[in-house]
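J.: Line by line, the protein sequences give chains A and B.
Using my numbering, you'd call the opening residue of the first sequence number -3 and step up by one each time.
Using my numbering, you'd call the opening residue of the second sequence number 19 and step up by one each time.
Glycine included, every Cβ here is placed at the ideal spot set by N, Cα and C.
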Amino acid sequence: MPRSVSGQIAMIVVVSVIIVVVVGRVGDMIRHSPLLGLNSFDTFYEQAAAIAPLMRQVAQDRQDDLASAFAGTGLDLRVVDPVEAERLAGTATAPSALRRIINWIFPPDDEPDGSRVFDTREGAMLLIPLNEASTLVAYGPPQPLVSNDVLGPLSYYVLAFATLLILFGLYSRWAFLAPLARISDEVKRSNGTEDERLVSEHGPPEVVALTDALNQMRGRVRDLLETRARMLRGVSHDLRTPLTRLRQRIERLDDEPVQQKMLSDVDQIDRLIEETLDYLRMDATGEELERVDVASLLQTIAADFADLGSAIRYEGPDHLAAMLKPNSMLRAVTNLCGNGLKFGTEVSIILSRNESSVRIDVVDDGPGIPANLRDRVLEPFFKADLSRSDGDRNQGFGLGLSIVAEIVAAHRGRLTLLDNEPSGLVARVEFPR
Amino acid sequence: MSSDLPASPRILIVEDDPEIGPMLRDALAAGGMTAELATDGRDMDERLRGSAFDLVVLDVMLPGEDGLSLCRRLRAGSNVPILMLTALAEEIDRIIGIEIGADDYITKPFSTREVLARIRGLLRRASYSKVGTERVRPLRFDGWRIDPLRRQLHDPQHTRISLTAAEFDLLLAFCRNPGKILTREELLTLTHAGLAGPVERSIDVHVSRLRQKIEADPREPTLLKTVRLGGYMFAANVEPA
Chain A
-3 MPRSVSGQIA
7 MIVVVSVIIV
17 VVVGRVGDMI
27 RHSPLLGLNS
37 FDTFYEQAAA
47 IAPLMRQVAQ
57 DRQDDLASAF
67 AGTGLDLRVV
77 DPVEAERLAG
87 TATAPSALRR
97 IINWIFPPDD
107 EPDGSRVFDT
117 REGAMLLIPL
127 NEASTLVAYG
137 PPQPLVSNDV
147 LGPLSYYVLA
157 FATLLILFGL
167 YSRWAFLAPL
177 ARISDEVKRS
187 NGTEDERLVS
197 EHGPPEVVAL
207 TDALNQMRGR
217 VRDLLETRAR
227 MLRGVSHDLR
237 TPLTRLRQRI
247 ERLDDEPVQQ
257 KMLSDVDQID
267 RLIEETLDYL
277 RMDATGEELE
287 RVDVASLLQT
297 IAADFADLGS
307 AIRYEGPDHL
317 AAMLKPNSML
327 RAVTNLCGNG
337 LKFGTEVSII
347 LSRNESSVRI
357 DVVDDGPGIP
367 ANLRDRVLEP
377 FFKADLSRSD
387 GDRNQGFGLG
397 LSIVAEIVAA
407 HRGRLTLLDN
417 EPSGLVARVE
427 FPR
Chain B
19 MSSDLPASPR
29 ILIVEDDPEI
39 GPMLRDALAA
49 GGMTAELATD
59 GRDMDERLRG
69 SAFDLVVLDV
79 MLPGEDGLSL
89 CRRLRAGSNV
99 PILMLTALAE
109 EIDRIIGIEI
119 GADDYITKPF
129 STREVLARIR
139 GLLRRASYSK
149 VGTERVRPLR
159 FDGWRIDPLR
169 RQLHDPQHTR
179 ISLTAAEFDL
189 LLAFCRNPGK
199 ILTREELLTL
209 THAGLAGPVE
219 RSIDVHVSRL
229 RQKIEADPRE
239 PTLLKTVRLG
249 GYMFAANVEP
259 A
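#1: Please report the straight-line C-alpha distance between Thr412 (chain A) and Gly305 (chain A), rounded to a whole angstrom.
#2: Taking Asn350 (chain A) as the reference, give the member of A:Ala93, A:Ile8, A:Glu426, A:Ser130 with the closest Cα.
#3: If Leu140 (chain B) and Leu73 (chain B) are in contact, beta carbons under 8 angstroms, what's the gap, nearest whole angstrom?
#4: Contact defined as beta carbons within less than 8 angstroms: I believe Leu189 (chain B) pairs with Ile164 (chain B). What is the distance between those atoms, to the nearest angstrom?
#5: If you draw a straight line from the C-alpha of Arg245 (chain A) to the C-alpha of Glu271 (chain A), how long is it?
#6: Helix, strand or coil: which one does DSSP assign to Arg216 (chain A)?
#7: Starting from Met102 (chain B), find everything on chain A with Cβ-Cβ shorter than 7 angstroms and list it in chain order.
#8: Between Thr240 (chain A) and chain E, is there a C-beta pair that is closer than 8 angstroms?
#9: Can a CB atom of chain A be found closer than 8 angstroms to the CB of Arg227 (chain B)?
#10: Are there three or more Cβ pairs, one per stretch, closer than 8 angstroms when the segment 43 to 60 of chain A is compared with the segment 119 to 127 of chain A?
#11: Terminal residues of the continuous beta strand (DSSP E) containing Pro125 (chain A)?
#12: Take every Cβ of the segment 41 to 48 of chain B, pair it with every Cβ of the segment 128 to 136 of chain B, and state whether three or more of those distances are shorter than 8 angstroms.
#13: Could you check whether the Cβ of Pro322 (chain A) sits closer than 8 angstroms to any Cβ belonging to chain B?
#14: Between A:Leu276, A:Leu71, A:Val75, A:Gly68, which lies nearest to Asp61 (chain A) when the distance is taken from Cα to Cα?
#15: Roughly how many angstroms separate the alpha carbons of Leu228 (chain B) and Arg327 (chain A), rounded to a whole number?
#16: Report yes or no: is there a C-beta of chain A within less than 8 angstroms of the C-beta of Gly212 (chain B)?
#17: Rounded to a whole number of angstroms, what is the C-alpha to C-alpha distance between Gly110 (chain A) and Ala55 (chain A)?
#18: From the DSSP output, which residues share a beta bridge with Met79 (chain B)?
#19: Anything in the segment 176 to 207 of chain B with a Cβ closer than 7 angstroms to a Cβ of chain A? List those residues in chain order, please.
#20: Between which residues of its own chain and Ile265 (chain A) is the CB-CB distance below 7 angstroms, once the five residues before and five after are set aside?
#21: Would you give the residue range spanned by the beta strand (DSSP E) that Trp162 (chain B) belongs to?
#22: To the nearest angstrom, how far is it from the Cα of Thr330 (chain A) to the Cα of Gly394 (chain A)?
#23: Check the Cβ-Cβ distances between Ile38 (chain B) and every residue of chain A, and say whether any is below 8 angstroms.
#24: Are there 16 or more other CB atoms within 10 angstroms of the CB of Glu202 (chain A), so buried, or fewer, so exposed?
#25: In angstroms, rounded to a whole number, what distance separates the CA positions of Arg410 (chain A) and Val98 (chain B)?
#26: Let's see if you can read the secondary structure: which residues bound the alpha helix (DSSP H) around Met62 (chain B)?
#27: For Leu289 (chain A), does the three-state DSSP call read helix, strand or coil?
#28: Report the residue from A:Met319, A:Arg287, A:Ala298 whose alpha carbon sits nearest the alpha carbon of Leu337 (chain A).
#29: Anyone know if the C-beta pair for Val343 (chain A) and Asp357 (chain A) falls short of 8 angstroms?
#30: Output needed for Ala211 (chain B): all residues of its chain with C-beta closer than 8 angstroms, excluding positions within five of it in sequence on either side, in chain order.
#31: What do you get for Lys257 (chain A), buried or exposed, if any count of 16 or more other CB atoms within 10 angstroms of its CB means buried?
#32: Take the Cβ of Tyr310 (chain A) as the centre, count every other Cβ of all protein chains shown within 10 Å, and call the residue buried at 16 or more, exposed below.
#33: What distance in whole Å lies between the Cβ atoms of Leu293 (chain A) and Met325 (chain A), which are believed to be in contact at a cut-off of 8 angstroms?
#34: In angstroms, rounded to a whole number, what distance separates the CA positions of Thr151 (chain B) and Arg158 (chain B)?
#35: Measure the C-alpha to C-alpha separation of Arg178 (chain A) and Met213 (chain A) and round it to an integer number of angstroms.
#36: Could you have a look at Lys243 (chain B) and say whether DSSP puts it in helix, strand or coil?
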């Protein structure tokens, strides 16, 4: 198998020639086989063409005898006078459109000079003028749609053309179209962080080079993301050590009110670090899909919140198995519930499903999110209410919903924000089962 | 139950930070424990050779050999309860998992109260369960599979069932004591249930939640049976998986 495109094309041409020669030879054999009946066509005209000059040499009154002498050989002959000949020609029916087209493209050239072939209601006939006084009529000439003369050269042309067309078609599909389609599919599907590389096990060097270039770019993107994640993990890690010292020192203070305020500041800093890490972890985790009971997952989340004193309940089936990444989904729904409880007083987690997908609604009774902000709140670092950003100890970086959106996307699902009646927000997570 | 605890448990803290270590040591001492401080792996080895400890508090980030490696090494040769200190939540699965084998973890920045509570919980658990390799072996009951190391539960259809920490500890306690009547008080000490959060839930609440998840009909429990005046009994046949 040559590596270069020109080599491969040359190979296709050689292969085509071989196929044309071999298949053409086989075609010849098939055409000449008695089964196809093409030979009787040739024979008929050859015999008719041979008899006509002989008849011309025979005296007028013996022509009939000679014609009838051939009875039983497959040639049904009669000699008629010109008037009768014209009458017979007058009974000809119009040839079918298909035959006319074929005759136009491949003019019949088998018939003896001056002869006419036509269909009548009594069957096809061939008229060969013998002299001024008589015309030879041969009944029932076979009229296959295509004759050997046509088929012979034609089959080679068509075969060569079709072979080249098909081989080049398949080749371009195999070498260019399929690899390119696959590459574009994979690039579309990839979020740039997976370890897997684009594969191009075949295809010409040009396509392989494209794949390599894309692989390199993907590698650089991944390196960049990893470096960023590692750096921020390191920073966060290093922040937490002094934070621990700070916290322990605060715990030793005597002034209780000051101590409480300082502790809550420490807690807020820690939450911000955690939120950042959560967001970064999205890029890094390669959690696998597994079969998980979503109902128990949501019940667990509800129970954990309820144990912290929140008003939260789960509604839905006792069990519902689905394919998901349990830790990621746990984080997503926990984030949604945390949001709901931050802005509302009561949260319900409602689980339902249909034939193809699972739906988790996290419903709160807070103020909701105005429709014009719903897309923007999914962006990282966006905060719906800027005036609240200072002084509110519960305020995070605004990464929560972006984290959820990314997790849901990783499940090939969708996060939509809807209005709750009479007030509040419905955060709807839907993903295929 | 506190009678099962050593009068003054000996705790070894392995922490390199010049302030966190001593402050933690003082806090534990104030909590009635005898605490010693090691600043790296070599120091830890020396102190462990010198005397026995009831529990080791191990920081993940250490100079030289890191905490994860020390924990793995420690676990290979001893059953001493290990509490890990980590700044990264994503390390938790590994720490508690089969790979590292710590008994519990606490994330920085921690409060002294939390550390004390975790240490007491670990000591209590250690005094109850005969610590050994069977402690970590997965168990099977009625088609279900529970893996204490990965803290995972799978139903007979191999679907992962999610449990709260308290529910998991409770189920594990039942699985280790099948056919035995366990009083509410015993169950409380065997589980994290007592430290779950500001809202104290009774064992009954956790049991009822657990039934929701593992019983075919939670109102007619066949696995987790209530024993009148006694407590609960796990009626399933438990065998190593």
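T.: If we stick to the structure as given:
#1: Spanning the two alpha carbons is a distance of roughly 28 angstroms.
#2: It is A:Glu426.
#3: In this structure, Leu140 (chain B) and Leu73 (chain B) form a Cβ contact; the two beta carbons are roughly 6 angstroms apart against a cut-off of 8 angstroms.
#4: With 8 angstroms as the limit, Leu189 (chain B) and Ile164 (chain B) qualify as a contact, their Cβ atoms being about 6 angstroms apart.
#5: Approximately 24 angstroms between the Cα atoms of the pair.
#6: Reduced to three states, the DSSP call for Arg216 (chain A) is helix.
#7: Residues of chain A passing the Cβ test: none, with the nearest at roughly 14 angstroms.
#8: The chain labelled as chain E is not found among the protein chains of the depicted structure, namely A and B.
#9: Yes, Arg227 (chain B) lies at the interface with chain A (some Cβ there is under 8 angstroms from its Cβ).
#10: A contact between stretches requires three or more CB pairs, one per stretch, nearer than 8 angstroms, and the segment 43 to 60 of chain A meets this requirement with the segment 119 to 127 of chain A.
#11: For Pro125 (chain A), the enclosing beta strand (DSSP E) begins and ends at 119 to 125.
#12: With contact defined as three or more Cβ pairs closer than 8 angstroms, the segment 41 to 48 of chain B and the segment 128 to 136 of chain B are in contact.
#13: Yes, Pro322 (chain A) counts as interfacial toward chain B.
#14: If we check each option's Cα against that of Asp61 (chain A), A:Val75 comes out closest.
#15: Between Leu228 (chain B) and Arg327 (chain A), the alpha-carbon positions lie close to 21 angstroms from each other.
#16: Only weak support exists for where Gly212 (chain B) lies, its pLDDT of 48 falling under 50; the coordinates are left without a value.
#17: Cα to Cα, the separation comes out at about 21 angstroms.
#18: Met79 (chain B) is not bridged to any residue.
#19: So the close ones are His176, Thr177, Arg178, Ile179, Ser180, Leu181, Thr182.
#20: Closer than 7 angstroms at Cβ, skipping near neighbours: Leu239.
#21: For Trp162 (chain B), the uninterrupted beta strand (DSSP E) segment begins and ends at 162 to 165.
#22: Our two residues, Thr330 (chain A) and Gly394 (chain A), have alpha carbons roughly 15 angstroms apart in a direct line.
#23: It does: the Cβ of Ile38 (chain B) has a partner Cβ on chain A nearer than 8 angstroms.
#24: Glu202 (chain A) should be labelled exposed.
#25: One C-alpha to the other measures close to 47 angstroms.
#26: From DSSP, the alpha helix (DSSP H) with Met62 (chain B) extends over 59 to 68.
#27: First, the residue type needs correcting, since residue 289 (chain A) is Asp and not Leu in the sequence shown. Three-state result, Asp289 (chain A): strand.
#28: Selected option, being the one with the closest Cα: A:Ala298.
#29: Not in contact: Val343 (chain A) and Asp357 (chain A) (Cβ atoms no closer than 8 angstroms).
#30: With a pLDDT of 45 at Ala211 (chain B), under the threshold of 50, the predicted position of this residue should be treated as unreliable, though the coordinate-derived value follows. Once the five neighbours on either side are set aside, the close Cβ partners of Ala211 (chain B) are Ala184, Asp187, Leu188, Leu205, Arg219, Ile221, His224.
#31: Under this definition Lys257 (chain A) is an exposed residue.
#32: Answer is buried; the Cβ neighbour count reaches 16.
#33: Indeed, because the Cβ distance is near 7 angstroms, the residues count as touching under 8 angstroms.
#34: Reliability fails at Thr151 (chain B), whose pLDDT of 49 lies under 50, so the model's placement of it is uncertain and the value that follows must be treated cautiously. Rounded to the nearest whole angstrom, the CA to CA distance from Thr151 (chain B) to Arg158 (chain B) is 16 angstroms.
#35: CA-to-CA, the gap between Arg178 (chain A) and Met213 (chain A) works out to about 17 angstroms.
#36: Here Lys243 (chain B) sits in strand by DSSP.
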